[in-house]
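Dropping the structure here:
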């Protein structure tokens, strides 16, 4: 039996090899398949079927073809080992079985058959032999659709002979005992492993198509609620079921078993082959992914054989599949009608969806698609059952996005694919009218539509019954976000309904109370799932994990939905009752983003960049993103380039400044950013060097409140100016006349646990941070999207807790002043200016600061706890004032709050499981602290009593609503601050100049030059923990992560080098454009991690290859007797980089360097040459000529001596790294 994980891992390695092989063939202008792909891409663009670039399109086709080869050979291997092709004939002649491999002597037999084939076909290679095996499979009536000659890429995308040989060798590998590594022999013919391949074989396909298997227990649950009643209502010979997103066929396989059992019961004497044909005639599926459908067909073929009692494909008639490859959202014509047809009513979507739209011209179809060959499969209103697990991703392809918008009226905003599929599922079902039973619809889908703005039309139009031609009767809404469903990292909901007008005033709903407390061994027996299955039929059930209720249908026609149980609806209503208004009524303008660049990387440069280029320092600002807005404070860890003046208006572009020259590299990319109206910035005439969106009005007030849009808890902070904001940190703006007090009182209530509760009821749950595929270890781990619209609706009580807000804001400011970064910088500045004595060591300063942080944090925890209990009373959720007198409140440590004591007691008695204490580094305390003043202990005890007795307070006093106070450990903060200070020291401009100009340095040179630097020695001592560390050793470790090679061939792997050459072409075109020539400039490709030779280079540069590193590395250059790496300074302009490199070439030649060693150095000069010509062409008195002329002349001299051209030296690549075999 096959080892599925081992097979998957090995095939992933083979996939990379085949992708590289096929990519080369796709780019070959003489390759037939490559020509076909380019023609198909052009046609797809022409017909608005795609807006993707050729490279993106090519990579998708290459991936599909590579997967097709692996899947097809997997089919053959499965057939070989299980004798499914025994007795096969080809052209009337029996075929000797054995093509690739097999256990025992079967591999030998396969080799003998291969040898015989080559004797008969001496000009063929192993690719032809593999295709011969596919031919035999396709020659069987039951196997023809598995490797369809008209659509499967294995016939058109021909791999190289070498790749064919390698693929056969892969399948023939044996272990140390001589056994085949991948043996498919299985008497039960199990095909579950193919589902694993479908989901995880190709990372590219997984991301592109959102591949995700539906677990069997979920599939069974949905079929119980759809197919089972349909079987009772419908004659078997008429029954029709479809999964329009069938993937590898899980729902279809489940349906096969149920329908087959029904036929066995109804017609026990029916011939087995006829029975299977009847079963398969009921089952339909469509998927846009070709290899998904291939797998589904194969799996249905195998279960069909088993149901017939057959043991071979040979002699079995065609099974009559209704499984099509194509985009079910666009239908057979490749379109669902134009936007004008939809707008002016010329197209009746209710009657013609996917089948009868008359195309304007011949519709575009990919060569892998066969949807048109299954005529009528997507005709609306014909299916008794529609089930599936649609993709949840958003549509990145602009053309497809527009096509779906034109076809589905529920799409709006940045919709997810779950929305149009929701509409499609119901359209495909039979409409209940005139005596015809309504079709059953069931799907597990993303719950994002429930609270995100794009879901509003689904809820308030489709579910509210405003689509007259497509009525929807929701019968069950089941919150599955708390259940552990393997692979589902996105929170989900199961929707069950029928295509008819509603027949009841209520909808059965399962409401979530809490998530799975621990990852279950068997997900089907998880605590949450068990309660769902066991109690769905019990309205009024109120369990530990779910509540079951019959909701008024009207509540499910209003956006947003909240499916929280456990009394949440009552608390929500209580807050609404006492509110005197919403936050929106206090504001000067709508809450929203202040700015975002569109392309982050060119603008997010880090503080060291601005220190490196002081002429641009005044344009640097602390950057606020949502991730750094925490616990009443903003701790920016990024510095951004904002080319705006003091009035917050854009500055004119300045090519003479470092910032202008830096951004010029990205002009085409920045100008190519597409706006909301569909035009690029270049087309609309916007300033390409500015941020994509900049709302000036939100920068004009001296005070504003910002918050983390995506977080596990609510984090609001008062900002006092001087920063720039990204969209993940929206801005709340009060009127200019509003004093600081008005901000602080709002800040306080927004940071309360009550506010956290309210926001989570109306905000989108984005899933767990635990990385376990949708499993929520604890509810407080779940991230929510607190969008601006929802925040603005927050209800305010009559009285706001101003003083609590004032104290917590002041404490946060105090805490920021003793952070390691501030302490280290103040100490460095003090020693450098002489204001700090040598006896005042950095280590002592940091130790004192660490103590202060602990004390201030204890005060903040205390004040936040008092704030939470004060706000409960302000909203009328409790009657009694349970805040403590100020003098009685001690500093609080994590673990000492009332809810934590209650939680610890439940953990101790076994009624709760949690990782709260472990994750936050606190101790679970079950008793009140004996050190507390008596008055405070009495208050805490009363709080504990109320938590136990009052359902409302028990709901609110939970970790998911209480502040976590999670923070980066002090040691890590200190380490980062000290490292940064050392690296700043190494960037002193004086270190990188000598009397002759810019000069390279080895790490040992730097250590020697700074050996007497008191500041550096103390910093290194603190970092290393040693009084006298080896300076060169410590510095070598630091610069390794901050140095990027000078030469492209040393930075990138071949894939990255290809992209770099494209960027060079773009820069050449930009220069021609600057010279007045009219040119068309394509947007250059982005890089990814695999494009770089080292992950450190990727971290320094990112997807747009932005030079943010501190140092330039010369990896293969050494100085005599010095083993440390040679460096340059990244703060040099191109002129100085080139001059320093030119000096180094001469120095290496004087040391006897070979021509081979000099070639890459000259190549580095050639890469710098156009930049020096562009920015440094003016005459310099010291030279009597320009730096550009000097550099070009130097290159010419070296090339003459080497007898090489510029193209030849830049074609140099380093020797591949040879890895030792284990």
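Numbering (the UniProt record's numbering), first residue to last: 1 to 1222.
Built from N, CA and C at the ideal position, the CB exists for glycine as well.
- The region 860-867 makes contact with the region 796-814: 3 or more CB pairs, one atom from each, lie closer than 8 Å.
- Counting C-beta atoms within 10 angstroms of its own C-beta, residue 421 has 16 or more neighbours from the protein chains shown and is therefore classed as buried.
- With fewer than three CB-CB distances shorter than 8 Å, the region 1078-1087 does not count as touching the region 1113-1122.
- In this structure, residue 144 lies away from residue 290, with their beta-carbon atoms at least 8 Å apart.
- Per DSSP, reduced to three states, the secondary structure at residue 221 is helical.
- Contact between residue 1175 and residue 992 is absent: CB atoms are separated by about 19 Å, not below the 8 Å threshold.
- Residue 92 counts as exposed, since fewer than 16 other C-beta atoms from the protein chains shown sit within 10 angstroms of its C-beta.
- Boundaries of the beta strand (DSSP E) around residue 546: 546-552.
- Contact check for residue 797 against residue 579 passes: the beta carbons are separated by less than 8 Å.
- The region 180-190 makes no contact with the region 395-402: fewer than 3 CB pairs, one atom from each, lie closer than 8 Å.
- DSSP, reduced to helix, strand and coil, places residue 706 within a strand of the structure shown.
- From the listed residues 89, 1035, 1160, 1144, the smallest Cα separation to residue 1214 is found for 1160.
- Annotation: the region 1028-1109 contains the following complete segments of the beta strand (DSSP E) (minimum length 3 residues), in chain order: 1043-1045.
- Taking 8 Å as the cut-off, the Cβ atoms of residue 783 and residue 710 count as close.
- For a cut-off of 8 Å, the C-beta gap from residue 605 to residue 641 is around 6 Å, short enough to register as a contact.
- Your pair residue 1104 and residue 601 checks out as a contact, with CB atoms roughly 4 Å apart and the cut at 8 Å.
- Under the three-pair Cβ rule at 8 Å, the region 315-329 counts as touching the region 369-386.
- In its chain, beyond the 5 residues on either side, 811, 891 have a beta carbon closer than 7 Å to the beta carbon of residue 859.
- Within the DSSP bridge table, the entry for residue 642 names no partner.
- A distance below 8 Å between beta-carbons, with the five flanking residues on each side excluded, links residue 240 to the following residues of its chain, in chain order: 282, 284, 382, 383, 384, 385.
- The alpha-carbon of residue 868 is positioned some 33 Å away from that of residue 552.
- Considered as a whole, the region 571-642 harbours 620-624, 639-641 as its complete beta strand (DSSP E) runs of no fewer than 3 residues, in chain order.
- In this structure, the alpha-carbon of residue 1002 lies about 56 Å from that of residue 492.
- A distance below 8 Å between beta-carbons, with the five flanking residues on each side excluded, links residue 955 to the following residues of its chain, in chain order: 566, 567, 568, 571, 757.
- In this structure, residue 393 places its C-beta atom within 8 Å of the C-beta atom of residue 416.
- In terms of CA proximity to residue 438, 226 leads the group 226, 203, 379, 172.
- Assignment of residue 650 by DSSP, reduced to helix, strand and coil, places it in the strand class.
- When the alpha-carbon of residue 821 is set against those of 668, 645, 636, the nearest one is in 636.
- Rounded to whole angstroms, residue 330 and residue 533 show a C-alpha spacing of 35 Å.
- Taking the Cβ atoms as the reference, residue 388 lies roughly 6 Å from residue 244, within the contact range of under 8 Å.
- The region 269-280 and the region 314-322 touch, with three or more beta-carbon pairs separated by less than 8 Å.
- Only residues of its own chain outside the window of five on either side were considered, and among them 895 have a CB closer than 6 Å to the CB of residue 923, listed in chain order.
- Leaving aside the five residues that flank residue 110 on each side, the residues in its chain whose CB is nearer than 7 Å to its CB run, in chain order, 98, 99, 100, 101, 102.
- When only Cα atoms are considered, residue 633 and residue 871 end up about 21 Å apart.
- Sorting 556, 481, 538 by C-alpha distance to the C-alpha of residue 526 places 481 at the top.
- Per DSSP, the continuous alpha helix (DSSP H) segment holding residue 1173 begins and ends at 1155-1175.
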